[in-house]
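Take a look at the structure below.
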Amino acid sequence: DIFAIKREIERTTSFKCCVIYGSLPPQIRTQQARQFNDPNSGFDILVASDAIGMGLNLSIRRIIFNSMFKSNGEKIVQLDHSSVKQISGRAGRRNSPYPNGEVTVRDPADLKHLQQCMSTEIRPIAKAGLLPTASHFQLFADSMRKYGTMDGDESFDVNDLHKILLQFNDMARLRGDYVLCRMTQMRLIARWVDDLQLTLPEKYSFCMAPVNETDQRSMKLLKQFASKLAFNGTTGVNRREFFARQPGSLEELSVLCTQFHRLELFLWLCQKFPTTSNMIEEQQATKLKEECISVINDGLSKANKLSLDHCYLRRDRNLRASWAKEKKDGRVDDELHEFIAELDDFDDTLQQYEVDDI
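For the sequence shown, the numbering used here assigns the number 77 to the initial residue and increments by one for each residue that follows.
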């Protein structure tokens with residue numbers, strides 16, 4: 077969506093666009109933000125994901141939402157008032173050139189939801205999430221070893237972190253304004269490393285690694301590193317695998333960003349487990365990461381020349397349709413019928429567009 081919108085803006089207007097999205101390396105996100113903030117850089121528009129909502133100081137006069145729908149990893153959801161206000165609040169920041177911000181939507185069908193979100197007060201946080209540390213799990217495992225499990229399972233392995241996470245989650249009782257954080261990713265990684273002869277704190281550290289669990293290569297890298305640690309070996313990076321090639325398409329640019337994060341993961345593991353790596357391998361990984369950043373920067377500067385087969389209007393339509401279907405399965409009311417009718421009208425309008433035009 078981001079590059080399709082950037083391409084359309086630069087093709088149909090005289091404006092140049094910066095881009096910011098979550099998988100971009102932090103260094104490049106900062107550089108893009110700096111270019112956008114510089115009034116003399118020639119970049120007047122920023123096309124971004126909801127990543128602009130956190131951690132960046134931006135001088136924004138107007139926010140335009142391309143879509144009010146997104147995937148949360150499990151299903152399609154409509155942005156809630158908290159998310160809308162978090163993003164909208166980037167416009168009109170104190171001490172910025174634009175003290176009074178504006179916010180609107182690309183699709184008029186979203187305007188009602190935007191107005192509702194902006195007029196809704198954000199509720200105070202009712203509860204705080206707690207995530208147990210390695211020492212908590214170690215103490216819990218020692219107690220299981222001493223007193224046995226609550227369900228009488230004698231086969232319970234006190235070094236099996238995955239089972240410990242499940243048992244801890246079942247037995248934990250929190251008082252007051254606290255809840256136990258979700259440990260879905262921790263349980264997934266624990267499954268990958270539980271067959272290795274590692275201590276409980278070491279397994280816990282792997283579970284806290286900055287890894288994208290949906291990227292099989294990243295998970296494989298983590299497992300290989302854990303295996304080397306278990307067998308007192310040393311590990312490194314394959315330069316051929318991590319060699320940064322000039323992207324020929326935006327999909328290849330996305331692959332480069334994933335490659336950067338794998339190198340970041342390797343260096344994080346090296347810092348966490350220094351006995352499993354050596355300085356030469358760390359230096360090589362650092363050099364590869366710098367090369368990757370350079371190639372990504374070069375790819376961004378030539379983004380309009382990279383191949384792109386994507387229609388952001390159609391994607392928004394599909395997100396809306398998926399959300400409407402889920403709502404329809406739960407309830408049907410006049411407002412939903414009106415929303416579905418708008419989708420049908422939008423689909424008719426969309427037929428006049430071609431991907432090349434967008």
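No residue lacks a Cβ here, since even glycine has one placed at the ideal position from N, Cα and C.
Residue burial classification, residue i (beta-carbon count within 10 angstroms, cutoff 16)
i	result
E402	exposed
P208	buried
F392	The question names Phe, but residue 392 in the sequence shown is Asp. D392 should be labelled buried.
D186	buried
M144	buried
Y280	buried
R83	buried
L353	Contrary to the premise, residue 353 reads as Ser rather than Leu in this sequence. The residue is buried, with at least 16 neighbouring Cβ atoms inside 10 Å.
A80	buried
P323	buried
K365	buried
N- and C-terminal bounds of the alpha helix (DSSP H) containing residue i
i	result
T106	P102 to N113
I372	M355 to S377
S164	H157 to S164
K222	A210 to Y223
I152	Premise fails: I152 lies in the beta strand (DSSP E), I152 to Q154, not in any alpha helix (DSSP H).
Beta strand (DSSP E) segment containing residue i, residue limits
i	result
G205	A204 to L206
L256	Y254 to L256
F141	R138 to F141
M124	One detail in the question is off: residue 124 reads as Ala in this sequence, not Met. Counting along the chain, the beta strand (DSSP E) containing A124 begins and ends at F119 to A124.
F91	F91 -> no beta strand (DSSP E), and no H or E assigned at all.
S147	F145 to S147
Cβ distance (whole Å) where residue i is taken to contact residue j below 8 angstroms
i	j	result
I198	K161	6 angstroms
I372	P102	Between P102 and I372 the Cβ distance is about 12 angstroms, and since that is not below 8 angstroms, they are no contact.
R221	L241	The pair is not a contact, with the Cβ atoms about 16 angstroms apart (cut-off 8 angstroms).
L326	L237	Incorrect: roughly 39 angstroms between the Cβ atoms, too far for contact.
I136	G98	Wrong, their Cβ atoms sit about 18 angstroms apart, outside the cutoff.
R166	I139	6 angstroms
Backbone CA spacing between residue i and residue j [nearest angstrom]
i	j	result
N245	A210	14 angstroms
R316	F336	14 angstroms
F349	C94	38 angstroms
K92	I104	17 angstroms
Q427	P184	Here the model assigns Q427 a pLDDT of 39, short of 50, so the residue's position is not dependable, and the following value carries that caveat. Whole-angstrom Cα-Cα distance: 19 angstroms.
V153	R267	29 angstroms
G129	A306	40 angstroms
Q300	F319	19 angstroms
Y254	K203	5 angstroms
F112	T106	10 angstroms
P175	S90	26 angstroms
S125	H189	19 angstroms
H157	T351	48 angstroms
N314	R249	46 angstroms
Proximity test, residue i beta-carbon vs the ligand ADP heavy atom, cut-off 7 angstroms
i	result
R137	You won't find the ligand ADP in this model; it holds no ligand whatsoever.
- Message: At 4 residues or longer, what runs of the alpha helix (DSSP H) sit wholly inside the segment 279-339?
- Response: 292-306 and 315-318
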